[in-house]
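Novice: Here numbering that gives the first Met the number 0 is used: position 524 in the sequence shown is 523, and no number is missing along the way.
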Amino acid sequence: MIDPTLASLAKAAGILVHWKDAFGNPQATNPESLRAVLTALGLPVATDRQVRESRAALKASAKAAALPALVTAVAGDAVVLPSGAATPARYRIDCEDGQQIDGMASVAAGGKVTLPPVAASGYHRLVLDHGATTLAVAPHRCFGIADSPGRARTWGATAQLYALRQAGDGGIGSYGALAVLARALAKEGADALAVSPVHAMFANAPARYSPYAPSNRLFLNVLHVDVIELCKLAGVDPDAEPAARMQHGEALELIDWPAVSAARLSLMRQAFDALTARGLLYPDAPLGRDFAAFRHAQGVALERHARFEALQARVLREDTSRFHWQTWPEGFRDPGSDAVAAFARGSNDDVAFHAFLQWRAALGLAKAQASAIDGGMRFGLIADLAVGTDSAGSHAWGHQREMLPTLSVGAPPDLFNPLGQDWGLTTFSPHALQQTGYAPFLDLLRAVLRHAGGVRIDHVLGLKRLWMVPHGASARDGVYLTHPLHDLLRLVALESWRHRALVIGEDLGTVPHGFRSTLRDAGILGTRVLWFERRSTGFVPAQRWPAETVATSSTHDLPTIAGWWAGRDIEWRDRLGLLGADDTAAGLQEDRQADRKALWSTLCKAGVAQGEPPARDAPQDVLRAIAAFVGSTPCTLALLPLEDILGLVEQPNLPGTIETHPNWRRRLPLAVDRLMQDPAVRLRLDALSSSRRAQ
């Protein structure tokens with residue numbers, strides 16, 4: 000039983016005290032978890048008195064900040080301010096374009112203050128008698144495929160960047176390889192290339208290589224910088240030892256992240272030191288001017304990230320157990336401390352090196368996007384936005400007041416994960432977002448869209464609510480923390496139009512009733528995966544897939560076509576002891592045989608296959624048929640993973656595993672400049688593009 004006063008405080012703070020699980024059963028939040036989350040939000044609740052005081056403080060804060068730091072509105076609709084934000088009075092709106100709008104505010108039912116509609120979208124300044132705020136006026140929906148000249152239904156591919164292969168890449172896919180792939184796909188008629196997350200990882204912890212658990216979502220993964228190109232720029236011959244390690248790594252089928260990362264960073268430092276020694280990075284040199292301009296444009300955020308990388312290296316040299324910044328010497332835990340400033344002055348070259356790597360990464364990613372667009376793609380790269388960051392990373396260290404470092408994002412118990420999930424990631428505090436006028440969220444959107452024509456928002460439900468697990472608690476004892484959905488959707492729409500970028504939401508699994516409709520109304524494309532488009536009668540016919548979604552055969556977390564057809568995913572789960580308590584491998588393989596027949600029947604009815612189902616180890620006709628099937632759906636965008644374009648059996652990631660399955664390590668068997676020379680690849684791409692043109 001939850002104390003009523005505590006429950007009242009929790010509700011006011013945006014916590015769901017009562018909720019329904021994946022099975023529709025009502026649930027009540029664990030009181031101890033409730034207290035932990037409230038504490039993380041800056042609301043002390045250790046005693047009954049603190050609970051009352053926090054409730055009073057929350058009310059007082061809301062009243063004092065009756066005019067928020069940022070107000071959102073929709074172009075052409077009335078502007079609604081919070082209750083108590085103002086009384087009937089004159090207002091002025093200073094629009095971005097220099098136009099000025101004057102008028103009289105009125106009070107509507109419920110005490111909300113309304114202003115007449117504003118037609119122009121943008122970030123305007125609203126001035127009232129008692130204060131001023133930013134007025135973000137968004138279009139009704141996100142930029143979409145129909146807003147770009149071209150076909151209403153188009154196609155593209157998805158790629159794991161680390162998996163791309165190119166001569167001289169040293170064992171990890173590079174931004175240069177991405178540029179080659181984008182241009183090759185554009186030549187085949189593709190309009191988009193969705194890429195795995197390229198967020199900044201840990202330079203000092205190459206064993207932490209999951210792209211969905213980054214150190215900082217504002218910056219890029221420097222391990223994808225083209226090292227050989229950088230050495231040529233610096234005019235240096237790569238040192239023999241790291242060059243040999245890179246050459247060895249290039250021949251491997253599975254990435255050796257620690258070895259290859261160390262080699263790449265060593266050679267990049269060699270190049271940086273050579274450029275510095277030659278004076279080419281000084282502000283009066285052309286290269287140095289560009290670098291200095293980049294550092295200035297990225298501001299404090301880049302400086303803190305670079306300091307973090309250099310500082311973490313220093314701490315770990317002295318004590319390898321102090322990986323998390325919360326365990327560092329106290330003076331180093333605050334990015335604004337005198338100790339950190341003194342360290343930066345004494346380690347200027349180290350800090351500059353990490354800023355330099357970000358510059359080279361940004362140039363590489365920009366070149367890849369330019370190659371896509373110049374090659375003929377309408378949208379080019381679609382970036383992947385991870386749901387959170389590692390709490391030990393530079394984003395959490397450098398932006399502590401914006402984050403919830405004592406909480407982890409996860410998922411409540413469901414059929415597949417009866418104990419719930421703890422993903423070990425932290426994210427923004429919704430309270431901090433509102434107090435700062437959503438500046439951290441906007442910075443993130445702009446960073447992700449800087450060199451992309453679209454964004455895929457992982458776990459898009461996070462715009463509405465997130466399952467937050469207090470550190471030390473069981474994943475099943477998490478708490479649903481709500482976020483200001485409508486404000487966030489409007490800001491996404493506004494930034495989408497400013498960047499002319501598509502927005503895709505990963506909305507797989509169980510979501511609240513009406514949530515997908517809300518996404519659709521906002522112009523965010525949902526995600527439909529073949530394996531999940533099933534009913535009791537079989538697979539859903541292509542023509543019944545919803546139009547305002549992205550169609551795909553699979554994802555990085557699911558079996559490839561060839562792997563599913565062969566039952567490879569069942570073999571893996573059996574080998575690793577991941578089968579359900581009532582499941583057997585033999586039983587699941589028998590079920591899969593029935594599923595193969597059902598899928599083949601659906602493909603035949605769609606006119607993309609004929610005859611009897613192929614054998615388990617002969618997926619060639621299945622690969623072509625599914626490419627055509629996915630392309631024949633009404634979905635505005637169809638994306639085919641490179642693993643399915645190549646007919647690979649193994650999937651990139653097996654959820655629920657860490658070291659027992661080679662997650663995020665598999666490399667493609669062909670170099671990117673040879674992919675289109677494979678007749679089977681061309682056959683599958685032709686099946687996809689032809690079915691799109693037939694729509």
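Idealized CB from N, CA, C, for every residue including glycine.
Please state whether DSSP places ARG89 in a helix, a strand or coil.
Specialist: strand
Novice: Would the segment 87-102 count as touching the segment 31-51 if we require 3 or more Cβ pairs under 8 Å?
Specialist: Because the criterion of three Cβ pairs below 8 Å is not met, the segment 87-102 and the segment 31-51 do not touch.
Novice: If I measure Cβ to Cβ from ASP506 and keep anything under 8 Å in the same chain, skipping five residues before and after, which residues do I get?
Specialist: VAL459, LEU460, PHE514, ARG515, LEU518, GLY525, THR526
Novice: Determine the direct distance from the alpha carbon of ILE625 to that of SER552, and round the result to whole angstroms.
Specialist: 7 Å
Novice: Compute the Euclidean distance between the alpha carbons of THR536 and THR601, then round it to the nearest angstrom.
Specialist: 11 Å
Novice: Counting only runs of 3+ residues fully inside the segment 547-579, write out the beta strand (DSSP E) ranges in chain order.
Specialist: 548-551
Novice: Using a Cβ-Cβ cutoff of less than 7 Å, which residues in the same chain neighbour ALA474 once the five nearest sequence positions on both sides are dropped?
Specialist: GLY409, LEU418, GLY419, GLN420, ASP421, VAL468
Novice: What is the C-beta distance between MET376 and ALA189, in whole angstroms, given that I count them as a contact (C-beta under 8 Å)?
Specialist: Rounded to the nearest angstrom, the Cβ distance from MET376 to ALA189 is 6 Å, consistent with a contact under 8 Å.
Novice: Give the DSSP-derived three-state secondary structure of LYS366 in the structure shown.
Specialist: helix
Novice: CA-CA distance, ASN29 and GLY477?
Specialist: 8 Å
Novice: Jot down the residue ranges of each uninterrupted beta strand (DSSP E) in the segment 442-481, minimum 3 residues, whole runs only, in chain order.
Specialist: 453-456, 464-469, 478-481
Novice: Just to confirm my understanding: we take LEU488, look at its own chain, exclude 5 residues before and 5 after, and list those with CB closer than 6 Å. What are they?
Specialist: ALA521
Novice: For the candidate residues ALA118, GLY655, ARG691, whose alpha-carbon lies nearest to that of ILE92?
Specialist: ALA118
Novice: Is GLN676 buried or exposed, if buried means 16 or more other CB atoms sit within 10 Å of its CB?
Specialist: exposed
Novice: Short of 7 Å in beta carbon distance, which residues of its chain neighbour GLY121, apart from the five on each side in sequence? Order them along the chain.
Specialist: CYS94, GLU95, VAL136
Novice: Compute the beta-carbon to beta-carbon distance between THR635 and GLU547, rounded to the nearest angstrom, for a pair I have assumed lies under 8 Å.
Specialist: Cβ atoms of THR635 and GLU547 come within 8 Å of each other, at about 6 Å.
Novice: Taking only runs that begin and end inside the segment 132-189, name each unbroken beta strand (DSSP E) of 3 or more residues, in chain order.
Specialist: Whole beta strand (DSSP E) segments, 3+ residues: 153-158.
Novice: Among LEU163, GLU240, ARG277, GLY234, which one has its Cα closest to the Cα of LEU222?
Specialist: LEU163
Novice: Closest to LEU177 by CA distance: which of GLU532, ARG124, GLY379 is it?
Specialist: Closest by alpha carbon: GLY379.
Novice: Name the two residues that bound the continuous beta strand (DSSP E) containing SER407.
Specialist: 406-410
Novice: Is VAL226 near ARG268, with beta carbons less than 8 Å apart?
Specialist: no
Novice: Report the rounded CA-to-CA distance for GLY508 versus GLN98, giving the unit in angstroms.
Specialist: 46 Å
Novice: Answer yes if the segment 341-361 comes into contact with the segment 301-312, meaning at least three C-beta pairs across the two stretches below 8 Å, and no otherwise.
Specialist: The segment 341-361 and the segment 301-312 touch, with three or more beta-carbon pairs separated by less than 8 Å.
Novice: Helix, strand or coil for PRO633? Go by DSSP, reduced to three states.
Specialist: coil
Novice: Are the CB atoms of THR133 and LEU66 within a distance shorter than 8 Å?
Specialist: no
Novice: Are PRO205 and PRO196 closer than 8 Å when you measure CB to CB?
Specialist: no
Novice: Where does VAL621 land, buried or exposed, given buried means 16+ other C-beta within 10 angstroms?
Specialist: buried
Novice: Taking all protein chains shown into account, decide if PRO285 is buried (16 or more other Cβ within 10 angstroms of its Cβ) or exposed.
Specialist: exposed
Novice: Go through its chain and collect everything with a Cβ distance to LEU441's Cβ below 8 Å, but skip five positions before and after it.
Specialist: LEU490, GLU494
Novice: Quick one, which of SER105, LEU480, SER689, ARG455 has its alpha-carbon nearest LEU501's?
Specialist: ARG455
Novice: For the segment 227-238 against the segment 271-288, are there 3 or more C-beta pairs whose distance is under 8 Å?
Specialist: yes
Novice: In whole angstroms, give me the CA-to-CA distance for GLN399 and GLN325.
Specialist: 11 Å
Novice: In terms of DSSP beta bridges, what is HIS498 paired with?
Specialist: Per DSSP, none; premise fails for HIS498.
Novice: Tell me whether ALA270 is buried or exposed, calling it buried when 16 or more other Cβ atoms sit within 10 Å of its Cβ.
Specialist: buried
Novice: Check whether the Cβ atoms of ALA605 and ALA565 lie closer than 8 Å to each other.
Specialist: With contacts defined by Cβ atoms closer than 8 Å, ALA605 and ALA565 do not form a contacting pair.
Novice: Would SER480 and ILE14 qualify as a contact pair, given that the criterion is a beta-carbon distance under 8 Å?
Specialist: In the sequence under discussion, the amino acid at residue 480 is Leu, which differs from the Ser named in the question. Yes, Cβ-Cβ distance for LEU480 and ILE14 is below 8 Å.
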